[in-house]
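J.:
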Amino acid sequence: MAIQSLIPFGPQHPVFPEPIQLRLVLEDEKVVEALPAFGYVHRGLEKIAQQKDILQDVFLVERVCGICSFIHSLTYCRGVETLMGLTVPDRARFLRVVWSEMSRLHSHLLWLGLTADAFGFENLFMQAFRLREKVLDLMEATGGNRVIMSSCCIGGVRRDLTPDLVKMIRTTLDEVERELDPIVVTMRDDYTVQQRTIGVGRLTKEEAYQLGAVGPVARGCGIQMDFRTTGYEAYGELEFKPVVFEGGDCYARCKVRLYEMLQSVALMRAALDKLPEGPLAVPVKGNPDGETISRCEQPRGEVIYYMRANNTRNLERLRIRTPTFANLAPLLKMLPGCQLADVPVIVLAIDPCISCTER
Amino acid sequence: MFGLLKKTLSNLFSRPATRSYPGTTRPGFSGSRGHLDMDPAVCIYCGACSKRCPTKAITVSREPKEWKLEVGRCIICGHCVEVCPKKCMWLDMNHGLSKDAVTDARSGDRQGNP
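From first to last, the protein sequence lines stand for chains P and C.
Take the numbering used here: the last position of the first sequence gets the number 699, and nothing is skipped along the way.
Take the numbering used here: the last position of the second sequence gets the number 183, and nothing is skipped along the way.
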């Protein structure tokens, strides 16, 4: 039997944007077991949420994650709207879709850059981040800030899109789509990328289902699971099919995200085409009561908010299950059997967002 | 392997994608939330902004008339601007307060997290 050694992978590691530790048990260069240790960025979010009122909590939950912040506030607002029985105006529903897809696009471009960097493809990394800057500019012009837009509020949205802004979005989307094309082709067809990703971190469809994989990890294993297909907000009125690939390896997960970027561009265009006129938000009166579960599809998968209210301005409980938390169990299943050099690629293929996970 | 070659070659002969900041700055967007500003001549010191502020960055007192913003704590969400009955506050698009924020964070009157 080969001698086993223990390698601490993280919490500070060049490929990790955020701190998480994986203790890897190795036999020579082969990983035989991975033990996770997390909790480095726990912030006690639920306690803070209980101390602030429901309107202030919107700004708090946006800061759960620095990448997919808009969809966090959307999920929270949808939950409180269910508790208070509010109906969101049509224009707000479409604007929410536009901003959700903008978040998805910038999140996937960030992932693309980080993954390219993880296997040493610096050129692709730079191109992805350069393209992402255009999307961030779009977010600043429409939402007011580069990432944390604060444009969602209970009962609707806080900002409107003027015709000038709609025009600006369309022009930028055309540019992004044009520049995305060589990036997608490179990531999909490049020999080196294929050598680093095909067959790496393999997960079968059954394993993914049993371990509760969500988002692109599940869709990369051939599971047709996308919460947007339930038609929340205005998704029901826009035609799209979830991007699903068979294979269950890092390559399939990469392809899911690549095509989702193009799909996001198409969805934003479709939402802008159908954007109805009307009010932006309904007034919020009274206090929420009862309990509910609110779900949305984030760039990394499905996020679940459990909230309980007791007819006061403050929530009694606010429990958040983020997609990365659900994808950690599949990750631990993928790692045993791989080479140490493949660990960064496998970890980044689930697109980990640790500050989300630890809240 | 040569998928990005066209892009790389065009990058060789085009202008850099970055600006030589701070010499050249990017023009701001009109809707951007840069920093919070307030007009004391219009303010009635009702305290609505301080009650609604999610981070307790604003303190208001009626007597003596005082409106104080802890810049390092302000998250520039714009909630105060929405609830102000006199509309005496607004969000300026310029991001120019980092120096003030540092001075504020180093000053002794910080009260710790809520």
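Glycine residues also receive a C-beta, built at the ideal position from the N, C-alpha and C atoms.
1. Apart from the five residues just before and just after E573 (chain P), which ones in its own chain have a Cβ nearer than 6 Å to its Cβ?
2. Which residues of chain P have a Cβ atom closer than 7 Å to the Cβ of A86 (chain C), listed in chain order?
3. Determine the chain P residues that contact C146 (chain C) at a beta-carbon separation under 8 Å, and present them in chain order.
4. Give the residues of chain P in contact with P123 (chain C), contact being defined as C-beta atoms less than 7 Å apart.
5. At a CB-CB cut-off below 8 Å, which residues of chain C make contact with L464 (chain P)?
6. Consult DSSP for R620 (chain P) and reduce its assignment to one of helix, strand or coil.
7. Excluding the five sequence neighbours on either side, which residues of its own chain have a C-beta within less than 6 Å of the C-beta of K595 (chain P), listed in chain order?
8. Residues in the same chain with beta-carbon distance under 7 Å from R84 (chain C), minus the five sequence neighbours each way, listed in chain order, please.
9. Out of P:C408, P:E402, P:D477, point me to the one whose CA is closest to R95 (chain C)'s CA.
10. Rounding to the nearest angstrom, what Cα-Cα distance links D691 (chain P) and Q603 (chain P) in this structure?
11. Quick one: using the 10 Å Cβ neighbour count with 16 as the cut-off for buried, is H382 (chain P) buried or exposed?
12. List, in chain order, every chain P residue whose beta-carbon is nearer than 7 Å to that of K156 (chain C).
13. For chain P, find out if any of its Cβ atoms is closer than 8 Å to the Cβ of T93 (chain C); answer yes or no.
14. Helix, strand or coil for F465 (chain P)? Go by DSSP, reduced to three states.
15. Skipping 5 residues on each side, what residues in its chain have a beta carbon closer than 6 Å to that of G560 (chain P)?
16. For P684 (chain P) and G460 (chain P), what's the separation of their Cα atoms in angstroms?
17. Measuring straight from C-alpha to C-alpha, what distance separates M424 (chain P) and A456 (chain P)?
18. Could you check what DSSP says for C696 (chain P) in three-state terms: helix, strand or coil?
19. Do you know offhand how far E617 (chain P)'s Cα is from L501 (chain P)'s?
20. Is F580 (chain P) closer than 8 Å to C636 (chain P) when the C-beta atoms are compared?
21. Does the CB of K76 (chain C) have a neighbour CB from chain P at under 8 Å?
22. So, is R499 (chain P) buried or exposed, given that buried needs 16 or more other C-beta atoms within 10 angstroms?
23. For T427 (chain P) and V622 (chain P), which I take to be in contact (beta-carbon distance under 8 Å), what is that distance rounded to the nearest angstrom?
24. Using a Cβ-Cβ cut-off of less than 7 Å, list which residues of the stretch 520-554 of chain P approach chain C; keep chain order.
25. Within the continuous beta strand (DSSP E) that includes G116 (chain C), where are the two ends?
26. State buried or exposed for I523 (chain P), treating a residue as buried only when at least 16 other CB atoms are found within 10 Å of its CB.
27. List the residues of chain P that R102 (chain C) touches, going by C-beta distances under 7 Å, in chain order.
28. How should T570 (chain P) be labelled, buried or exposed, when 16 other C-beta atoms within 10 angstroms of its C-beta is the threshold for buried?
29. Does the stretch 641-661 of chain P come close enough to the stretch 353-361 of chain P to have 3 or more Cβ pairs within less than 8 Å?
30. Assess, as a yes-or-no matter, whether the stretch 670-687 of chain P is touched by the stretch 605-614 of chain P under the definition of 3 or more beta carbon pairs within less than 8 Å.
T.: This is what the structure gives:
1. Short of 6 Å from the beta carbon of E573 (chain P), and not among the five residues preceding or following it, lie these beta carbons of its own chain, in chain order: R433, R436, V437.
2. R470, listed in chain order.
3. Those within 8 Å of C146 (chain C) in chain P are F399, S490.
4. Chain P residues near P123 (chain C): K392, Q396, F399, L400.
5. Result: L73.
6. This sequence places Leu at residue 620 (chain P); Arg is not what is there. In this structure, L620 (chain P) counts as coil in the three-state DSSP scheme.
7. Answer for K595 (chain P): F585, listed in chain order.
8. Within the same chain, no residue comes within 7 Å of R84 (chain C) by CB-CB distance, once the 5 residues on both sides are set aside.
9. Comparing alpha-carbon positions, the option among P:C408, P:E402, P:D477 lying closest to R95 (chain C) turns out to be P:D477.
10. The C-alpha of Q603 (chain P) is placed about 18 Å away from the C-alpha of D691 (chain P).
11. Under this definition H382 (chain P) is an exposed residue.
12. Going along chain P, no residue has its Cβ under 7 Å from K156 (chain C), so there is no contact; the nearest lies around 16 Å.
13. Chain P, which has no Cβ nearer than 8 Å to the Cβ of T93 (chain C), makes this no.
14. Here F465 (chain P) sits in helix by DSSP.
15. Around G560 (chain P): F585, A592, R593, V596.
16. For P684 (chain P) and G460 (chain P), the distance between alpha carbons rounds to 11 Å.
17. Rounded to the nearest angstrom, the two C-alpha atoms are 45 Å apart.
18. Secondary structure of C696 (chain P) (DSSP, three-state): helix.
19. Distance between the alpha carbons of E617 (chain P) and L501 (chain P): 11 Å.
20. Their beta carbons are not under 8 Å apart, which means C636 (chain P) does not touch F580 (chain P) by this criterion.
21. Yes, contact with chain P.
22. Buried, by the Cβ-count rule.
23. Going by Cβ atoms, the distance from T427 (chain P) to V622 (chain P) rounds to 7 Å, so yes, they are a contact pair.
24. Cβ contacts with chain C come from P522, V525, T526, D529, D530, Y531, T532.
25. Taken as a continuous stretch (DSSP letters only), G116 (chain C) belongs to no beta strand (DSSP E), as it is neither H nor E.
26. Residue burial is scored here from C-beta neighbours: I523 (chain P) has at least 16 other C-beta atoms within 10 angstroms and is therefore classed as buried.
27. Under the 7 Å cutoff, chain P gives G484, N485.
28. By the neighbour-count rule (16 or more Cβ atoms within 10 Å), T570 (chain P) is not buried but exposed.
29. No, the stretch 641-661 of chain P is not in contact with the stretch 353-361 of chain P.
30. The count of Cβ pairs closer than 8 Å, one atom from the stretch 605-614 of chain P and one from the stretch 670-687 of chain P, stays below three, leaving the stretches out of contact.
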